[in-house]
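Just so you know, UniProt numbering puts 166 at position 166 of the sequence shown, and the rest follows in order with no gaps. Heads up, the beta-carbon is just placed ideally off N, CA and C, and yes, glycines get one too. Contents: one structure, followed by commentary.
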Amino acid sequence: MGIQHAEDGAMGGVLAYSGGSSPTILRILLGTQLRRLRVARGVSREDAGYAIRASHAKISRLELGRVGFKERDVADLLTLYGVIDPADRDPLLALARQANAPGWWHKYGDLLPGWFQVYVGLEEAASVVRSYEVQFVPGLLQSADYARAVIMLVHGTACAEEIDRRVSLRLARQERLSRPNAPILWAVVDEAVLRRPIGGPQVMAAQLDHLLRVTELPNVRLQIMPFHRGGHAAAGGPFSILRFPDKDLPDVVYMEQLTSALYVEKREETDHYTQVMDSLCVQAYSISDSRRFLGELRERLPY
């Protein structure tokens, strides 16, 4: 179940939504609609912020769907934007209530910095996830033991219970790949990722077995960028591109850093990253050759 648009003379596209939608995508859609209404009325972000006793920066975050909505704030903004008719207001206020429902990952909130909670919500809502990695197997393709080894590199001093929960979170993110209406995951990984024995040779052998299994899913595509291809288009490092099922939602490019993340949403910038990703897919081994490479690499390991 998803979100559709019903044409309406007063608002030029009223959001119609269903209960099965991700709260993240509901926030983004509501924010998009509020931005349209604000721009149509010629209201500045500063004036909109004043109307709800907030800053222009908060209006920006609301319109991007990055924070939760207070129903009172939405009501005040709708009044400011001239949306008075209950037939127009009520669907948006109801959407605000639904958008505040916590996602399944909320129970891991004590482990996740805010910038990564945003990513998990976007990933859950995406219909296509394209990823380029140079150091680790992408999180959505990691085996449990490999994930544990990666997590230990950063959180090695944490207690066993915390490590277990972090692994559980990563595995829970992967479950969507095998559900109905699963997203397409299209990953390009550097050969170095597969040569680096994270967790030791035995863990790495099991990780290769896992990759061979998971890439049998029709929605999972994996390509290897071999060493002998030399330099390539993504000289700047790893990144992911998330695309959403609703045509009104822009692609989002995600780049993770040590203690924060960068989100890129401007069309001219996301188009550039898409072009780079397309070039990577052309330069890398094909999907079938990548599976052959994985199989040959696995055969050379003693475990």
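C-beta atoms of residue i and residue j nearer than 7 Å
i	j	result
valine 203	alanine 261	no
leucine 208	arginine 291	no
phenylalanine 293	isoleucine 198	no
proline 250	glutamate 265	yes
valine 220	leucine 185	yes
arginine 97	glutamate 63	no
isoleucine 241	arginine 130	yes
alanine 125	threonine 24	yes
alanine 99	leucine 30	yes
isoleucine 52	aspartate 88	no
leucine 122	valine 252	yes
proline 183	serine 127	yes
tyrosine 119	tyrosine 254	yes
leucine 37	tyrosine 108	no
arginine 170	glycine 139	yes
leucine 280	valine 188	yes
glutamate 71	histidine 56	no
tyrosine 273	alanine 205	no
Where residue i falls, given that 16 or more other Cβ within 10 Å makes a residue buried
i	result
glycine 19	Reliability of the predicted coordinates at glycine 19 is poor, the pLDDT of 38 falling under 50, and no value is obtained from them.
aspartate 73	buried
threonine 215	buried
alanine 101	exposed
phenylalanine 227	exposed
arginine 300	exposed
leucine 15	Because leucine 15 carries a pLDDT of 41, less than 50, the predicted location of this residue cannot be relied on, and no value is offered for it.
glutamate 269	exposed
alanine 192	exposed
glutamine 142	buried
aspartate 190	buried
glycine 65	buried
tyrosine 132	buried
valine 167	buried
valine 282	exposed
leucine 59	According to the sequence displayed, residue 59 carries isoleucine and not leucine. Buried: at least 16 other Cβ atoms inside 10 Å.
valine 137	buried
valine 154	exposed
proline 180	exposed
threonine 157	exposed
glutamine 4	Confidence is the limiting factor: at glutamine 4 the pLDDT is only 37, short of 50, which leaves the residue's position unreliable and the question unanswerable from this model.
glutamate 7	Note that glutamate 7 has pLDDT 34, beneath the 50 cutoff, so the model's placement of it is unreliable and no number is given.
serine 288	exposed
serine 22	buried
arginine 213	exposed
leucine 92	buried
threonine 32	buried
proline 238	buried
Beta-bridge pairing of residue i - partner residues as DSSP gives them
i	result
serine 240	Ser131, Tyr254
isoleucine 25	According to DSSP, which records beta bridges pairwise, isoleucine 25 is partnered with nothing at all.
valine 264	Val253
Where the beta strand (DSSP E) containing residue i begins and where it ends
i	result
glutamine 223	220 to 225
leucine 185	184 to 190
Where the alpha helix (DSSP H) through residue i begins and ends
i	result
glutamate 216	Taken as a continuous stretch (DSSP letters only), glutamate 216 belongs to no alpha helix (DSSP H), as it is neither H nor E.
alanine 172	160 to 174
proline 91	86 to 99
serine 290	287 to 299
valine 74	71 to 80
glycine 121	114 to 125
alanine 284	Premise fails: alanine 284 is in no alpha helix (DSSP H) and is neither H nor E.
alanine 144	144 to 155
histidine 56	56 to 63
glycine 49	45 to 51
CB contact below 7 Å: residue i versus chain B
i	result
tyrosine 119	No chain B is part of this structure, which consists of one protein chain only.
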